[in-house]
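Heads up: the sequence shown begins at 21 in our numbering, then just goes up one per residue. Beta carbons: idealized from backbone N, C-alpha and C, even for Gly. All values derive from a computational prediction rather than experimental measurement. What follows is a short report on a single structure.
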Amino acid sequence: MDDSRKTELSFARKVDWNLFQLFHEIVRAGGIGAAARRLNRQQPSVSAGLKRLEDHLGVTLVKRTASGIELLPAGRALYDLCETMMGAVRTAPHDVVLAAGLVEGVINIRMISSVVSPAFDAALAGLHRHHPGVGIHIEVAPWREVIAALKSGESEIGIACDNAPDAGLRYQPLMREVQQLYCHKAHALYGMTVPQPSDLAAEPYIATGLDEPQELANFRQRYGLGKRVGGYAENLHETKRLIELGVGIGFLPTCTAETLDRDGALWPLLPEAVLPAYQVYLVTRDEPARNTPTELFLAEIMGKLRESGLDT
C-alpha cells in the first residue's frame, strides 16, 4: 500500500464524521451563530468544531465576516462534497427498501387547485408505473394553508405560490401562472378588451379569499377591482362556475381557463401586457424526515423538470 493510500485511510479512521455535518449546517445557515441556533448548541462549541475540521484537513475553509461567513475555495469544494455525502445518507434507507423490493406506502401532496403542469402529471404517472404499491393522496387547499402544513410537518410535499418564501422550506420553480380577468359570454363586455383595469372597478366580482396569490391581490387593489363582491369561491372550479352563471367577473389562471373552458364560454377582458403573474413552486421542508414513497416521487418530478430545463 502506497503512502497516499495509508494517509487517506488514517484520515478516514481518525476524523469525526459529524464535523462534516456540522460544516454543512454552518454553510447552509450562513454563519456560526445561526448554525448554533438551528442545532440548539452553544456558539463556542460550533466554532470549535469548525476549527477541529480545519485542523484535520490542514486548510482554512471559511472567512468570518460581519454578516456571517464567506466560503474560501477549499470550503466551497468541501461543501460540494458534503452535499453529496448528506444526500447519500438521506437516501440510504430508501435505497435499502428499494433493493429489498418492499416499496409500499402513501405520498401526501397538498396543493392549490387546478394546477396545470405536465411535469407534475408525468411524475405522478411515472411513480405509479414504477411503484404500483405506492398510493397517492392529494388534498387541495389555499396556498397559505399549503405552506402552513409544510412548516408544521403535516405535509411533506406542497405545490403553491408564495410571495415571501420561508427560510425553513425549499422552493423548486414548477411553473409560472398568469392571471386573466374573465366574463361570461352573456356579459355585456363579452368580445371586448378593456385597456384600463380600473374601468372594471364597479363590476360585480368573484372573490377568492385565501386562495388569492399576493401578486393578484396587489394588482386588484391597485385598480380598485373587487370593491363590489358578487360571489365568493375558494376553488378555481367554483370560481369558473360563478363566472359562467353571470354572478360576476373573476380572475383565473390562463392555463386553467384554457383547460376548463371547452365551449368558449369565458372571455378574457384585459390586454396581455398588464396581466399579473407569479411563480408556482414545488415546496418541501428544508430538513425533512421523508418516507420512501415521497423520496421516489421527488426523484420522479426532479427528473421531469431536468428534462424540461426547469430544474434549478
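Check, Outcome
"Indicate the three-state DSSP secondary structure (helix, strand or coil) for G155 in the structure shown.", "strand"
"Mind checking which residues open and close the beta strand (DSSP E) that includes Y193?", "Inspection of the sequence shows that residue 193 is occupied by Pro rather than by Tyr. P193 -> beta strand (DSSP E) spans L189 to H204."
"Near V303, which residues of its chain fall below 8 Å by C-beta distance, leaving aside the five closest residues on each side in sequence?", "V166, I167, L170, I177, G178, I179, A180, D182, L189, R190, Y191 and Q192"
"Thinking M105 and F40 are a contact (beta carbons under 8 Å), I'd like their distance in whole angstroms, please.", "6 Å"
"Return the CA-CA distance between S325 and L280, expressed in angstroms with no decimal places.", "The amino acid occupying residue 325 in the given sequence is Leu; Ser does not appear at that position. Answer to the nearest angstrom: the Cα atoms are 24 Å apart."
"According to DSSP, simplified to helix, strand and coil, what is T228?", "coil"
"What does M105 pair with, by DSSP beta-bridge criteria?", "DSSP output for M105 lists no bridge partner at all."
"Answer with buried or exposed for G329, where buried requires no fewer than 16 other C-beta atoms within 10 angstroms of its C-beta.", "exposed"
"Beta-carbon separation of S137 and L256 under 9 Å?", "no"
"Measuring only the C-alpha atoms, how far is G270 from Y99?", "48 Å"
"I want to know whether the region 284 to 293 touches the region 192 to 212 - three or more CB-CB distances under 8 Å.", "yes"
"Smallest Cα separation from T274: which of E264, E292, R72 and N128?", "E292"
"Is it true that the region 85 to 98 meets the region 224 to 239, where meeting means three or more beta-carbon pairs spaced less than 8 Å apart?", "no"
"Check whether the Cβ atoms of I127 and P296 sit closer than 9 Å, and answer yes or no.", "no"
"Going by DSSP in three states, A285 sits in which element: helix, strand or coil?", "coil"
"Which first and last residues belong to the beta strand (DSSP E) in which E90 is found?", "G88 to L91"
"If you count every other CB in all the chains shown that lies within 10 Å of the CB of I156, and 16 or more means buried, which is it?", "exposed"
"Rounding to the nearest angstrom, what Cα-Cα distance links E74 and G146 in this structure?", "44 Å"
"Look at the alpha carbon of M21 and the alpha carbon of A108, and state the distance between them as a whole number of angstroms.", "Its pLDDT being 49, under 50, M21 is placed unreliably by the model, and the measurement read from it follows with that caveat. M21 and A108: Cα-Cα distance of roughly 28 Å."
"Quick one: Cα of R149 to Cα of F140, how far?", "14 Å"
"Exposed or buried, which one is P217 when buried takes at least 16 other CB atoms within 10 Å?", "buried"
"Just reading off the alpha helix (DSSP H) that P342 is part of, what are its end residues?", "The chain is shown only over 21 to 332; residue 342 falls outside these bounds and no answer can be derived."
"How should W37 be labelled, buried or exposed, when 16 other C-beta atoms within 10 angstroms of its C-beta is the threshold for buried?", "exposed"
"Below 7 Å CB to CB, which residues in the same chain sit around V35 once its five sequence neighbours on both sides are set aside?", "H76"
"Assuming Q62 and I52 form a contact by the criterion Cβ under 8 Å, report the distance between their Cβ atoms to the nearest whole angstrom.", "Not really, about 11 Å apart at Cβ, beyond 8 Å."
"Kindly indicate which three-state DSSP category M21 falls into: helix, strand or coil?", "Because the pLDDT of M21 is 49, which lies under 50, any placement of that residue in the model is unreliable, and the number read from its coordinates should be weighed accordingly. Three-state DSSP puts M21 in coil, outside helix and strand."
"Pull up the CB-CB distance for P224 and V267, whole angstroms please, since I reckon it's below 8 Å.", "7 Å"
"Expressed to the nearest angstrom, what Euclidean distance is found between the alpha-carbon atoms of V249 and E315?", "43 Å"
"Inspect the beta-carbon positions of Q299 and M195 and report whether they are closer than 9 Å.", "yes"
"Which stretch, first to last residue, makes up the alpha helix (DSSP H) that contains Q234?", "Q234 to Y243"
"Taking only the alpha-carbon atoms, compute the straight-line gap between E90 and R84 and give it to the nearest angstrom.", "6 Å"
"How should Q241 be labelled, buried or exposed, when 16 other C-beta atoms within 10 angstroms of its C-beta is the threshold for buried?", "exposed"
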